[in-house]
Amino acid sequence: MSAGTVQPNFTEVFSNYEFNPQFLDEVFNDKDNVNGHYRKVLDHFAQMSAQDFKELNDHAKLSFFNQGVTFAVYSDKAKGVERIFPYDLFPRIIPADEWARLEEGLIQRNLAINHFIHDIYNKKQILRDGRVPAELIFSSKNYTKAMLGIKPVGRIYNHISGTDLIKHSDGQYYVLEDNVRVPSGISYVLANREAMKRTLFSLFRKFKVRTVQDYSQQLLATMQSVAPEGAETPTCVLLTPGLYNSAYFEHAFLAMDMGIHLVEGRDLFVDKNFLFMKTIYGPRRVDVVYRRLDDDFLDPLMFNPDSVLGVAGLMAAYREGNVTLLNAPGTGAADDKAVYSYVPDMIKYYLNEEPILNNVHTYRCEIDSDYKYVMEHMAELVIKPVDESGGYGILVGSKATQEQISSFKDVIRQNRRKYIAQPIMALTRHPTFIENENQFEPRHIDLRTYTLLGKDKQFVLKGGLSRVALTKGSLIVNSSQGGGSKDTWVLAE
Amino acid sequence: MGRYIERSEHLARYTKVQYASSMDSPLAQSKEFALESILSLGGMYQSYLGKYLELTEDDVIHYVTIDDSNAFSVQANIGYMRENARGARDRISSELWEAINVFYHDINSYSAARLQYEGMHHFSHKVEVNSAVIKGYIDNTLIRNEAWILISLGIHLERAIQVALIMLNKVYDIAKLDAANLGGPVESYQWAIMLKSAESFDMYKRYYLKKKSSHSELDFLLFNKNFPKSLTYNLRKVQQNIQKIAFHDQKGSDSIEFKAGKIASQFQYLTIGEVEESIAGFLNETVANLNNLAAILEQKYLCY
Chain A
5 MSAGTVQPNF TEVFSNYEFN PQFLDEVFND KDNVNGHYRK VLDHFAQMSA QDFKELNDHA
65 KLSFFNQGVT FAVYSDKAKG VERIFPYDLF PRIIPADEWA RLEEGLIQRN LAINHFIHDI
125 YNKKQILRDG RVPAELIFSS KNYTKAMLGI KPVGRIYNHI SGTDLIKHSD GQYYVLEDNV
185 RVPSGISYVL ANREAMKRTL FSLFRKFKVR TVQDYSQQLL ATMQSVAPEG AETPTCVLLT
245 PGLYNSAYFE HAFLAMDMGI HLVEGRDLFV DKNFLFMKTI YGPRRVDVVY RRLDDDFLDP
305 LMFNPDSVLG VAGLMAAYRE GNVTLLNAPG TGAADDKAVY SYVPDMIKYY LNEEPILNNV
365 HTYRCEIDSD YKYVMEHMAE LVIKPVDESG GYGILVGSKA TQEQISSFKD VIRQNRRKYI
425 AQPIMALTRH PTFIENENQF EPRHIDLRTY TLLGKDKQFV LKGGLSRVAL TKGSLIVNSS
485 QGGGSKDTWV LAE
Chain B
446 MGRYIERSEH LARYTKVQYA SSMDSPLAQS KEFALESILS LGGMYQSYLG KYLELTEDDV
506 IHYVTIDDSN AFSVQANIGY MRENARGARD RISSELWEAI NVFYHDINSY SAARLQYEGM
566 HHFSHKVEVN SAVIKGYIDN TLIRNEAWIL ISLGIHLERA IQVALIMLNK VYDIAKLDAA
626 NLGGPVESYQ WAIMLKSAES FDMYKRYYLK KKSSHSELDF LLFNKNFPKS LTYNLRKVQQ
686 NIQKIAFHDQ KGSDSIEFKA GKIASQFQYL TIGEVEESIA GFLNETVANL NNLAAILEQK
746 YLCY
């Protein structure tokens with residue numbers, strides 16, 4: 005890191021802070037050295053008592069609660085209990101030069117993935133050339149035959165990509181996974197920034213932080229750029245599964261922020277292969293749909309026939325080019341964790357460039373030699389199912405008991421295609437305010453980034469969601485697994 | 446959403462005014478009398494008796510305001526309002542949403558102990574103030590499109606229903622008085638409660654000054670064209686709102702536009718002299734007509 009280091013000024017909330025050379029700490033190089041770009045934060049915090057932090061923390065929580073950035077926890081009581089997604093006061097800071105490189109890498113990577121999706125539903129050149137094994141793609145449960153031969157506007161498939169990055173103990177960023185189906189979490193990024201401004205504005209104003217507020221407008225511009233031809237002022241809508249979906253807040257928020265209609269499947273219908281929205285003034289044609297619905301539920305005529313969330317005939321209208329869907333159906337074939345290992349090859353194949361972002365070495369249990377290695381080294385590896393998300397079904401070898409490991413071996417043996425293994429990455433740690441202890445403690449973090457691809461248009465959100473594994477020592481940051489998050493500042497200079 | 450906010454506000458205010466009146470009345474008015482009246486406004490008398498054996502102050506107040514088992518409590522109505530707002534989150538302003546959300550969480554977390562400690566007056570005041578704030582945001586931060594029209598329609602329709610119900614309640618209460626008390630201070634005290642429950646007492650006094658006639662209280666709340674709590678005022682608003690969002694292909698005598706116009710016009714050309722003899726019957730019929738209108742509205746615009 006370029007910014008140099010300075011002596012930290014420790015106060016009571018840092019007095020028990022644990023330094024462990026095994027992991028890279030984003031703020032402290034060691035007990036006596038703090039990374040330069042964090043100096044002003046620590047100086048600011050040095051003027052505050054533990055009580056001040058407690059009050060600020062409560063204030064920040066109230067900001068989320070009042071804005072309704074909550075998820076419901078269902079209990080047997082008639083009244084729903086609502087919780088906020090835990091938010092940490094200590095911002096994560098990414099220096100300008102470090103970010104510039106990431107941004108370049110993210111666009112490169114997602115463009116290559118876009119080429120790949122186009123290819124596997126059309127000429128399948130990369131499979132013919134043997135650069136990616138064909139059976140890997142055709143065996144993916146997310147490979148969607150209904151997409152064969154469809155050419156979406158601008159040839160864009162993964163309009164919205166959520167790429168998860170981590171920083172390893174070697175100081176390098178690695179891509180942990182690609183999410184090109186329906187990545188979520190952006191509303192937390194925006195709410196985190198809002199909470200930061202409501203609670204720690206005095207600190208925030210000391211930095212030149214690049215804005216995240218433009219995301220909604222960029223997303224809208226992306227939607228408009230891929231509207232079917234002939235739609236002068238395209239009608240864009242956001243399709244939600246409804247009020248009881250756990251991400252409903254985000255759907256409503258994004259629709260509100262973009263100024264477009266939030267619709268459910270029952271608000272839409274297809275007539276002669278055109279999509280319409282029911283309004284009290286009569287039907288109104290819809291050109292672009294940002295759908296927050298899984299492929300399976302999109303169209304009961306094409307996918308799950310029991311779906312009441314989707315719109316009958318939507319895929320036919322899509323095939324005719326009369327409506328654009330974001331993201332395109334079938335993109336899941338590209339964010340399968342086994343396909344992940346081929347993304348660097350895709351970058352070379354389609355773009356003729358060297359990959360900017362690192363991949364984590366991935367063992368595919370399907371391959372005999374990899375399988376053998378995984379079976380022999382399970383204690384040093386993380387084993388993941390290729391097609392799940394949310395941190396479900398993962399085994400962290402170093403944290404598992406002998407019984408867990410041997411029973412997991414059986415699970416893998418039964419379906420080798422479904423599992424991959426990666427070395428355990430030493431995610432960086434970041435000081436995080438722990439409520440019950442009333443002090444800062446190191447916790448592991450990652451970074452979910454957001455990349456938008458439109459017709460002749462690319463955008464990367466300047467920042468992202470720094471997710472925190474709140475459980476001491478845990479490496480799993482997903483919100484469904486007890487994670488929290490931090491406001492993420494990309495510095496302007 | 447408009448209907449729920451208006452309903453919770455009136456229920457809370459009526460409970461407060463009734464309850465306070467039972468503690469401070471010219472002739473000892475029995476507490477049971479006031480409590481029964483409170484329960485009957487929300488149509489909860491029967492369900493209350495299904496849970497409790499007798500009318501006690503604490504039980505009635507708890508039941509009407511925050512009892513989980515009462516689907517029509519003030520708290521439940523505020524919950525429905527917030528759920529409506531959540532469903533329309535993309536159509537309303539952030540300021541309005543946050544006001545509703547903060548209010549909802551405050552009321553939703555109200556405990557029996559807090560209610561006991563702070564008292565009914567405090568609770569009702571909180572509901573009234575927040576209702577005013579929320580309606581302020583509705584009026585000042587929303588564009589006048591169909592979302593606003595539906596909210597505004599709900600507010601005026603529900604206000605007409607609630608004011609009619611309060612009047613009906615008081616007409617029945619007065620009918621229960623001993624003949625000796627009729628025409629005296631006890632009766633006029635009941636009329637004053639009616640006006641206060643509809644936030645109309647002060648304007649009523651100013652409007653009539655000395656020219657009070659018999660049943661001028663009813664006249665004021667039924668037929669005053671310039672007072673925003675009167676039935677005729679609100680029905681006119683309901684009619685105007687419906688005209689703005691009417692289905693253009695539906696104009697016949699079955700259409701919602703026709704039905705709303707019929708009720709509003711009826712009020713425009715009626716006088717208190719024509720209805721005072723059979724006031725209870727008239728109010729009952731009005732409430733039935735309004736409920737019918739509400740049911741058609743719901744079916745036409747909200748169920749699909």
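Sequence lines, in order, name chains A and B. Residue numbers 5 to 497, in the working numbering, belong to the letters of the first sequence in order. Residue numbers 446 to 749, in the working numbering, belong to the letters of the second sequence in order. All residues carry an ideal CB built from backbone N, CA and C; glycine is no exception.
- Bridge partners of I483 (chain B) according to DSSP: none are assigned.
- Residues of the segment 532-563 of chain B that bring their beta carbon within less than 7 Å of a beta carbon in chain A comprise G532, R534, D535, W542, E543, N546, V547, H550 and N553, in sequence order.
- Counting along the chain, the unbroken alpha helix (DSSP H) around Q408 (chain A) starts and ends at Q406 to Q418.
- When Cβ pairs closer than 8 Å are counted between the two stretches, the segment 326-337 of chain A is seen to touch the segment 276-295 of chain A, the count reaching three or more.
- Minimum Cα-Cα distance from I398 (chain A) among the listed residues A:A425, A:I190, A:S250 and A:S144 corresponds to A:A425.
- Per DSSP, reduced to three states, the secondary structure at G564 (chain B) is helical.
- Between the segment 130-140 of chain A and the segment 241-252 of chain A, the count of C-beta pairs closer than 8 Å stays below three; the two stretches do not touch.
- Annotated three-state conformation of G458 (chain A) is strand, per DSSP.
- For D133 (chain A), no alpha helix (DSSP H) segment is defined, and its DSSP state is neither H nor E.
- Taking C-alpha positions only, D62 (chain A) is separated from D56 (chain A) by approximately 10 Å.
- Chain-order list of chain A residues neighbouring Y746 (chain B): I284, by C-beta distance under 9 Å.
- In this structure, the beta-carbon distance from I141 (chain A) to Y147 (chain A) falls below 8 Å.
- Given a length threshold of 4 residues, each whole run of the alpha helix (DSSP H) inside the segment 300-355 of chain A is given here in chain order: 318-323 and 347-350.
- Contact check between the segment 457-475 of chain A and the segment 32-49 of chain A: fewer than three CB pairs, one atom from each, fall below 8 Å, which does not count as touching.
- At a cut-off of 8 Å between beta-carbon atoms, I690 (chain B) makes contact with chain A.
- With its beta carbon less than 8 Å from one in chain B, L247 (chain A) belongs to the interface.
- In the structure shown, A473 (chain A) falls within a strand segment according to DSSP collapsed to helix, strand and coil.
- If you look at P435 (chain A), you'll find it in the beta strand (DSSP E) that goes R433 to I438.
- Here the C-alpha atom of E528 (chain B) lies approximately 34 Å from the C-alpha atom of K670 (chain B).
- Of all residues in the segment 586-597 of chain B, those with a C-beta nearer than 7 Å to a C-beta of chain A are E591, reading in chain order.
- Using a Cβ-Cβ cut-off of 8 Å, F69 (chain A) counts as an interface residue toward chain B, since at least one Cβ of chain B sits closer than that to its own.
- Going by DSSP, G532 (chain B) is part of the alpha helix (DSSP H) stretching over V519 to G532.
- When rounded, the separation of the alpha-carbon atoms in Q71 (chain A) and R202 (chain A) is 12 Å.
- Contacts with chain B at 8 Å (Cβ-Cβ) do not include M281 (chain A).
- One thing to note: E370 (chain A) has its Cβ within 8 Å of the Cβ of R421 (chain A).
- Residue-level contact by beta carbon holds for A256 (chain A) and chain B, with a gap shorter than 8 Å.
- F69 (chain A) has its alpha-carbon roughly 38 Å from the corresponding atom of S675 (chain B).
- Exposed is the label assigned to Q176 (chain A), since fewer than 16 other Cβ atoms lie within 10 Å of its Cβ.
- Neighbours of A195 (chain A) across chain B, judged by C-beta separation under 7 Å, do not exist; the nearest C-beta is about 11 Å away.
- No Cβ-Cβ contact shorter than 8 Å links L318 (chain A) with L355 (chain A).
- Residue state for P238 (chain A) is assigned as coil, using DSSP reduced to three classes.
- Counting along the chain, the unbroken beta strand (DSSP E) around A425 (chain A) starts and ends at Y423 to P427.
- Residue-level contact check: L272 (chain A) does not touch chain B, since none of the beta carbons of chain B fall below 8 Å from its beta carbon.
- For A150 (chain A), the nearest beta carbon of chain B is not closer than 8 Å to its own beta carbon.
- With a threshold of 8 Å between beta carbons, L330 (chain A) makes no contact with chain B.
- Burial state of K476 (chain A) is exposed, judged by a 10 Å Cβ sphere holding fewer than 16 other Cβ atoms.
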